[in-house]
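Quick notes on the structure that follows.
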Amino acid sequence: MEDGKKSQKPPHVLVLPYPYQGHINPMLQFSKRLAFKGIKPTLVTTVYLSKSMHTQPTSPAHHSPPIQIRTISDGYDEGGRAQAESAAAYMASLRANGSRALAQLIKTLSEEGDPVKAVIYDGFFPWALDVAKQFGLVGVLFFTQSCAVNSVYYHVQRGLIQ
Numbered sequence: 001m002e003d004g005k006k007s008q009k010p011p012h013v014l015v016l017p018y019p020y021q022g023h024i025n026p027m028l029q030f031s032k033r034l035a036f037k038g039i040k041p042t043l044v045t046t047v048y049l050s051k052s053m054h055t056q057p058t059s060p061a062h063h064s065p066p067i068q069i070r071t072i073s074d075g076y077d078e079g080g081r082a083q084a085e086s087a088a089a090y091m092a093s094l095r096a097n098g099s100r101a102l103a104q105l106i107k108t109l110s111e112e113g114d115p116v117k118a119v120i121y122d123g124f125f126p127w128a129l130d131v132a133k134q135f136g137l138v139g140v141l142f143f144t145q146s147c148a149v150n151s152v153y154y155h156v157q158r159g160l161i162q
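Residue numbering for the sequence shown follows the working numbering, starting at 1 and increasing by one per position.
Next up, the structure:
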């Protein structure tokens, strides 16, 4: 400790991507950038998807800071989306089970002395904001689509394309 100052833990954020590669990769890259800036990101994925992931998604060769992975249940822990009867059934189960599991994860991390300051969530998970607010946390929406899609949204909103 320098000058009697206590060392502080870095702020801890949960990063919650939709469990598909096109959503996970952008949020994983974002998590790496957060880690380089001194923020502790924890990537939260489904139990099923975690079975196919490396335990450490960053490569030591790239000198990337470690990113912790934690899991939540989507209600289909053995088969993921393929186990659900339909996309609508999967999303309903993910909302019900995922919101409970996310709340429990936030509680657990706090009890472990690693409290969360913010939840960064995929646009497919609007319910994550409700969970964050329950705990008085900051909720941050992260759009995983390309900027071209954002441009389309802008032009549609302005009535420039239909």
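Built from N, CA and C at the ideal position, the CB exists for glycine as well.
beta-carbon residue i near the ligand FMN non-hydrogen atom, thresh 7 Å
i	result
Gln-145	No copy of the ligand FMN appears in this structure; indeed no ligand is present at all.
Reference residue i; option with closest CA among the options
i	options	result
Pro-19	Val-140, Lys-107, Leu-160 and Gly-79	Gly-79
Leu-49	Lys-32, Pro-17, Ile-39 and Lys-40	Pro-17
Gln-29	Lys-9, Val-47, Pro-65 and Leu-105	Pro-65
His-12	Ile-24, Lys-40, Arg-33 and Lys-32	Lys-40
Leu-94	Ser-110, Phe-125 and Leu-109	Phe-125
Gln-8	Gly-38, Pro-26 and Gly-22	Gly-38
Asp-77	Gln-21, Asp-122, Lys-51 and His-155	Lys-51
DSSP-derived helix/strand/coil call for residue i
i	result
Ala-84	coil
Pro-57	For Pro-57, the predicted structure reports a pLDDT of 48, less than 50, and the residue's modelled location is therefore unreliable. The matter cannot be settled from this model.
Leu-94	helix
Ile-106	helix
Pro-115	coil
Ile-24	helix
Lys-51	coil
Phe-135	coil
Tyr-76	coil
Arg-158	coil
Lys-37	coil
Gln-29	helix
Ser-99	helix
Ser-146	coil
Paired residues, beta bridge with residue i - DSSP
i	result
Gln-68	Thr-42
Tyr-121	Leu-16 and Leu-141
C-beta contact flag for residue i and residue j at 8 Å
i	j	result
Leu-102	Ile-67	no
Gly-136	Ala-128	no
Ile-161	Val-15	no
Ser-151	Val-131	no
Ile-72	Thr-46	yes
Asp-74	Asn-97	yes
Thr-144	Met-27	yes
Could you check whether the segment 104–115 touches the segment 83–92, counting it as contact only if at least three pairs of C-beta atoms, one from each stretch, sit closer than 8 Å?
Too few Cβ pairs lie closer than 8 Å, so no.
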